[in-house]
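S.K.: Mind the numbering: the sequence shown is residues 92 to 421 in the UniProt record's numbering, read in order.
C-beta: ideal position from N, C-alpha, C; glycine also.
Computed from a prediction, not measured in an experiment: that's the story for all the values here.
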Amino acid sequence: VTKHFPVRGGLRRRGGPRRVVHAVENVSLRLYAGRITALVGESGSGKSTLARLLAQLYPLTGGEVRLHGVAVPTPRGRAFREYVSKVQLILQDPFGSFNPVATIASTLKRAVAIHQPAKRGAEQQAVIDGLLAQINLVPQRQFTEKYPHELSGGQLQRVSIARALAASPEVFLADEPVSSLDVSIRLGILNLLRRLTEERNVAMLYVTHDIASARYFAADTAVMYAGEIVETGPSEAVTQQAAHPYTQLLIASAPDPSRAGGDRVRDIGQPPSLIDPPAGCRFHPRCPYAMERCKTDVPESFEISAGHAAKCWLYADDPEARAKRADNAR
Ligand code: SF4
Ligand code: MG
Numbered sequence: 092v093t094k095h096f097p098v099r100g101g102l103r104r105r106g107g108p109r110r111v112v113h114a115v116e117n118v119s120l121r122l123y124a125g126r127i128t129a130l131v132g133e134s135g136s137g138k139s140t141l142a143r144l145l146a147q148l149y150p151l152t153g154g155e156v157r158l159h160g161v162a163v164p165t166p167r168g169r170a171f172r173e174y175v176s177k178v179q180l181i182l183q184d185p186f187g188s189f190n191p192v193a194t195i196a197s198t199l200k201r202a203v204a205i206h207q208p209a210k211r212g213a214e215q216q217a218v219i220d221g222l223l224a225q226i227n228l229v230p231q232r233q234f235t236e237k238y239p240h241e242l243s244g245g246q247l248q249r250v251s252i253a254r255a256l257a258a259s260p261e262v263f264l265a266d267e268p269v270s271s272l273d274v275s276i277r278l279g280i281l282n283l284l285r286r287l288t289e290e291r292n293v294a295m296l297y298v299t300h301d302i303a304s305a306r307y308f309a310a311d312t313a314v315m316y317a318g319e320i321v322e323t324g325p326s327e328a329v330t331q332q333a334a335h336p337y338t339q340l341l342i343a344s345a346p347d348p349s350r351a352g353g354d355r356v357r358d359i360g361q362p363p364s365l366i367d368p369p370a371g372c373r374f375h376p377r378c379p380y381a382m383e384r385c386k387t388d389v390p391e392s393f394e395i396s397a398g399h400a401a402k403c404w405l406y407a408d409d410p411e412a413r414a415k416r417a418d419n420a421r
């Protein structure tokens, strides 16, 4: 898929080309039922845009999204609404996604009424109780009669997961689901998401800037840089034998509590403007291994080992790339 956003305002010469932000460029990604795929990258790399494209929050500029191999139907119409309910987005800030003047009970009731309209009265209440049980919250009145601001961030994120479950989703798109939460409760929420993914055979895209959590949490990892996916593979391979120079940089810059200086993060420079992205490999201005070709030719994706691939000329099988690779290993 590709997504370009028009640049609003700013300088544009009369009759000149329309300026766009190249937010997501020719990205291809596959999610699997019952499996978590992490989408890792710096802020502004296009991760959230990609998740929102999958949720059909805005139209694609190019490409296609498929569910079970079938292209998403055009907006409006029943098939489209069915797709949208099967693909549920969980956002970073749970407070922003709730109606502040609706109780938890009425929010869940509304979700069940939309997605399971045949359920009424006692049956509907049973569905709501079941949802709360799945997120490990006891369906007590003193809890469900509360308003969003009376809950902690962690409790509210659990409720937003319950609300998503009301739609019987096949895909969860969790965009930094724990980043705004207290460190002490993050693991509990991640474990809950993992359990639901397995039990309900849901495909989950876990968007994060934290590559360490990807390794812990996700079977597969895709690394995104400047609107492109630059490396994909089993999380173990991507994090332990990172192939793409950007992934290597990301890992080197992650805070490591075991290192002296604690969580000091190495300065790794700035991502490029997506209005005028660099030609060739978008990473070339920051890449320590850049070759001549990298400045002009968009790299292909090369397979490193089974299921592990990097979009980088270092892995092309030619003499210059081999020499650079040897250099890199030294
Ligand atoms: Fe570096 Fe070239 Fe690989 Fe891009 S293609 S990451 S510039 S070596
Ligand atoms: Mg984001």
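1. Could you check if Ser188 belongs to the surroundings of the ligand MG, using beta carbon to heavy atom distance under 6 Å?
2. I need the straight-line Cα distance from Leu120 to Leu264, nearest angstrom please.
3. Please tell me whether Lys402 and Val321 are closer than 7 Å, where the distance is taken between their beta carbons.
4. Which ranges would you report for the alpha helix (DSSP H) in the region 299-338 if only whole runs of at least 4 residues count?
5. List the residues that DSSP assigns as beta-bridge partners of His113.
6. Under 7 Å between the Cβ atoms of Gly137 and Met315?
7. May I ask you to report which of helix, strand or coil DSSP gives His159?
8. Who are the Cβ neighbours of Tyr380 in its own chain at under 8 Å, not counting the five residues just before and after it?
9. Is the beta carbon of Ile276 closer than 7 Å to that of Gly245?
10. Label Asp354 either buried or exposed according to how many other C-beta atoms from any shown protein chain fall within 10 Å of its C-beta, with 16 as the threshold for buried.
11. For Leu365, which residues in the same chain have their Cβ closer than 7 Å to its Cβ, ignoring the five residues on either side in sequence?
12. Cα separation between Ser392 and Gln147?
13. Determine the burial state of Leu223: buried for a count of at least 16 other Cβ atoms within 10 Å of its Cβ, exposed for fewer.
14. Got a sec? Which residues, its chain only, sit under 8 Å from Lys200 by beta carbon, not counting five neighbours each side?
15. Unbroken beta strand (DSSP E) runs of length 3 or more, entirely within the region 191-274: which are they?
M.R.: Taking the coordinates as given:
1. The residue you call residue 188 lines up with position 97 of the sequence shown. No, since every heavy atom of the ligand MG falls outside the 6 Å radius drawn around the Cβ of Ser188.
2. Working through the sequence shown from its first residue, we reach residue 120 at position 29. Working through the sequence shown from its first residue, we reach residue 264 at position 173. Those two C-alpha atoms are separated by around 13 Å.
3. By 1-based counting over the sequence shown, the position of residue 402 is 311. By 1-based counting over the sequence shown, the position of residue 321 is 230. The answer is yes: Cβ separation under 7 Å.
4. 302-308 and 326-331
5. The residue given as residue 113 occupies position 22 in the sequence shown. In DSSP, His113 forms a bridge with His95.
6. As a position in the sequence shown, residue 137 is number 46, starting the count at 1. As a position in the sequence shown, residue 315 is number 224, starting the count at 1. In this structure, Met315 lies closer than 7 Å to Gly137 by Cβ.
7. As a first step, residue 159 must be located in the sequence shown, where it is residue number 68. Reduced to three states, the DSSP call for His159 is coil.
8. The residue given as residue 380 occupies position 289 in the sequence shown. Closer than 8 Å at Cβ, skipping near neighbours: Pro336, Leu405, Lys415, Asp418 and Asn419.
9. Position 154 of the sequence shown, counted from the first residue, corresponds to residue 245. Position 185 of the sequence shown, counted from the first residue, corresponds to residue 276. It is a contact, given that the beta carbons lie within the stated cut-off.
10. Against the sequence shown, residue 354 aligns to sequence position 263. Confidence in Asp354 is poor, its pLDDT being 46 and thus under 50, which makes the residue's placement too unreliable to answer from.
11. For the purposes of this step, residue 365 is identified with residue 274 of the sequence shown, where counting begins at 1. Excluding residues within five positions, the ones whose Cβ falls inside 7 Å are Val112, His113, Ala114, Ala317 and Gly318.
12. Looking up residue 392 in the sequence shown gives position 301. Looking up residue 147 in the sequence shown gives position 56. Going from the Cα of Ser392 to the Cα of Gln147 covers about 26 Å.
13. Here the question's residue 223 lines up with position 132 in the sequence shown. Leu223 is buried by the Cβ-count criterion.
14. In the sequence shown, residue 200 corresponds to position 109, counting from 1. These residues qualify, in order along the chain: Gln215 and Ile219.
15. 262-266
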